[in-house]
Amino acid sequence: MPTWIDRILEAIWQVPSVIGVEWNQGTDTWRRIDEYGNVVTVPAGYFDRHPVWGGMRRCTLAAAGTVNHYGANPRGDGLDLTGVDGRVMVQIPKFYVKGERPSANVYRWWISPSARPGYVVHPAFVQRGGTERAQIYVGAYDADFEYDGDNQVYNAANLKLNSRTAKQPYTGNADCIWRVDIDGLQNQPAIGNSLSTPTEAGFILVDYVKTAGAWGGGGAGDTAILWVSKPGDATIGWVDNEAITNDTLVNTLAGGAGFGVNGASAGRVITEADARTLAGNIGASWGLFNIWSLSAVQLLFYTEYASASSQTLIGQGIVNKAGGTGFAGEVNGFNSSDTNIGVNGTGSGTGVDGVTPIVYRGIENLWGNVWQFIDGYDALDAGYRIIKRTGTGVFANPIGAGDYETSLAAPIVVNGYISNIVYEDLLKYIFLAAAVAGSSATYLYDYWYAHVAAQTNILLAGGPWDSGVAAGVGFRYSSYVAAGADRTVGARLEFIG
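Reminder that position 376 of the sequence shown reads as 929 in our numbering, one-by-one numbering, no gaps.
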């Protein structure tokens, strides 16, 4: 029976609050449908006022998972997006889903803001513990790196991911972010300062911690750790025991009296397990964007637009840059994307299409800029292993026995543009490729890098800064391995608790 929410929406818009989408793969057409499968036309502004889509909004979230502040609108006007007020996340209200395949190549999915016969709560809303939640929170930005502590002995538990504007996404295979231990401290820096040494320049201070002594001490007992980046360069070029200049503050950071850099630089290697650990260091119920959360966002997109042409509908994203070396993407919030988007949180930056960020309902770079680890997914020759729909599984590499469900279908092993999907009870909301005879302008529009025979593969989504027309809301890389790390691969946070 319709709920009071349904009745109000239907009275206002003369259309049901339950909204569905149908993809006829045979004719490669999409259409919006009501709960009975009839074609429906929604009025302008329907999705912006819908309890689910309209309820997606940016907020700042404390480590305990409580909302510090909401913006004046879904875009986040008035919020402190720098991370000072908490991690910038997108709240997604709980919704219920139903899927069916009325014929071999016709697929239908429905979204309801309330429980109804034949519908189930989307599995995203029970992950990380098995308890149904009223909402989940997804990182508004590609995750960046921070050391959350100061003036104390180094503690690896303080290494964390963040979600905030104007930061370089956390990526790399020892070629994007480096740790350097220094002594002979002189003038205290600030995060974001530009640094140089007599032999190299172009360093940006990502974070730091004083571990002993004092700034201004100038002795061997005055020590700190720096984490630095060097955008567009895969090597650091840092020489031990050189003085370090803080170019931003026009002073000496460390050095003099024989002291300077005291130890070789060490690049951080970002695997899925490393990123998961840094997400978990924030607190309980924090983790990486998981396969069910991604499924929820992808289904919301397809239903809102009744199309899979994401690069046409919103923008190409940051996908047409040269591959370059080191980190060659862009910082979060690039090209004024925090303010140039619509008040509903959707739009793009001010730059040229193809090299400027896209934002969908507050989520920036859902495609483009960097690949994102997607947790809770393994692909093996015999089938896909997906973290349990009940939310009781533990995220790990590989997913442990008893923590996953296995698909009936075996993964395909051919790369190409997705032309058809696997449809079975476990996978009907996940949009995994069953055939790759499409193109960048047909079917699901996006590319699929397939499982590699005899490997256990994990999943990446979104695509990096040089992925071109292959990218989009459905772009997937199912060829990666858990030990993999790359300058183009990063993460996105989520909180479900």
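Glycine is no exception: its CB is placed at the ideal position from the N, C-alpha and C atoms. Owing to the predicted nature of the structure, the values given are computational and were not obtained by experimental measurement.
- Listed in chain order, the non-local C-beta contacts of Tyr913 below 7 Å within the same chain comprise Phe854, Ile867, Thr899, Leu919, local neighbours out to five positions each way being set aside.
- When DSSP assignments are scanned along the segment 568-647, the uninterrupted stretches of alpha helix (DSSP H) that are 4 or more residues long and fall wholly within it turn out to be 599-602.
- The beta strand (DSSP E) runs of length 3 or more contained entirely in the segment 969-1032 are, from start to end of the chain, 986-988, 1000-1002, 1010-1014.
- In this structure Gln925 is buried. Its beta-carbon is surrounded by 16 or more other beta-carbon atoms within 10 angstroms.
- Apart from sequence neighbours up to five positions away, the residues of its chain that approach Gly1043 with a beta-carbon distance below 8 Å are Asp695, Ala696, Pro722, Tyr723, Thr724, Ile823, Ala828, Val923, Trp924, Gln925, Phe926, ordered along the chain.
- Between the segment 933-943 and the segment 1017-1029 there are fewer than three C-beta pairs closer than 8 Å, too few to call the two in contact.
- In the DSSP secondary-structure assignment, Glu883 is not bridged to any residue.
- The beta-bridge partner set that DSSP reports for Arg661 consists of Glu575, Glu653.
- Here the segment 585-599 makes contact with the segment 568-576; the two share three or more CB pairs at distances below 8 Å.
- Contact between the segment 986-993 and the segment 960-977 is present: three or more C-beta pairs spanning the two stretches fall below 8 Å.
- Your pair Arg1045 and Phe842 checks out as a contact, with CB atoms roughly 4 Å apart and the cut at 8 Å.
- Under DSSP, Ser901 shares a beta bridge with Ile911.
- Ala765 is bridged by DSSP to Thr776.
- With a cutoff of 7 Å on beta-carbon distance, Gly877 and Gly921 are scored as not near each other.
- The beta carbons of Ile735 and Ala777 sit closer together than 7 Å.
- In the three-state reduction of the DSSP assignment, Tyr700 falls in the strand class, which pools E and B.
- Distance between Ile939 and Val650, taken at the CA atoms: about 18 Å.
- For Thr580, the number of other beta carbons within 10 angstroms of its own is below 16, and it is reported as exposed.
- Using a C-beta cut-off of 8 Å, the segment 610-618 makes contact with the segment 631-649, since at least three inter-stretch Cβ pairs fall below that distance.
- Judged by DSSP secondary structure, Ala832 falls within the alpha helix (DSSP H) whose first and last residues are 825-833.
- In this structure, the alpha-carbon of Asp1019 lies about 35 Å from that of Gly618.
- Spatial neighbours of Gly790 in its own chain (CB-CB distance under 6 Å, excluding positions within 5 residues in sequence) are listed in chain order as Glu753.
- Here the alpha carbon of Tyr858 sits roughly 13 Å from the alpha carbon of Trp663.
- Val733 and Trp780 have their C-alpha atoms spaced approximately 6 Å apart.
- Take the alpha-carbon of Ala1014 and the one of Tyr1030: they are about 6 Å apart.
- Distance check between Tyr700 and each of Asp601, Leu714, Tyr672 places Leu714 closest, using alpha-carbon atoms only.
- Here the alpha carbon of Gln864 sits roughly 14 Å from the alpha carbon of Gln851.
- Counting other Cβ atoms within 10 Å of its Cβ, Arg654 stays below 16 and is therefore classed as exposed.
- Cα atoms of Phe1048 and Pro742: separation of roughly 32 Å, rounded to the nearest angstrom.
- Within the segment 928-968, no run of alpha helix (DSSP H) reaches 4 residues while sitting entirely inside it.
- Between the C-alpha atoms of Asn626 and Trp606 there is a straight-line separation of about 13 Å.
- For Tyr690, no alpha helix (DSSP H) run applies; the uninterrupted beta strand (DSSP E) run containing it begins and ends at 688-692, by DSSP.
- When the beta-carbon positions are compared, Cys729 and Gly598 stay at least 7 Å from each other.
- Cα atoms of Thr995 and Ala861: separation of roughly 9 Å, rounded to the nearest angstrom.
- Residue environment: Ile744 is assigned as exposed (fewer than 16 neighbouring CB atoms within 10 Å of its CB, all protein chains considered).
- Check the Cα spacing between Val884 and each of Thr959, Ala963, Asn804, Pro784: the tightest is with Pro784.
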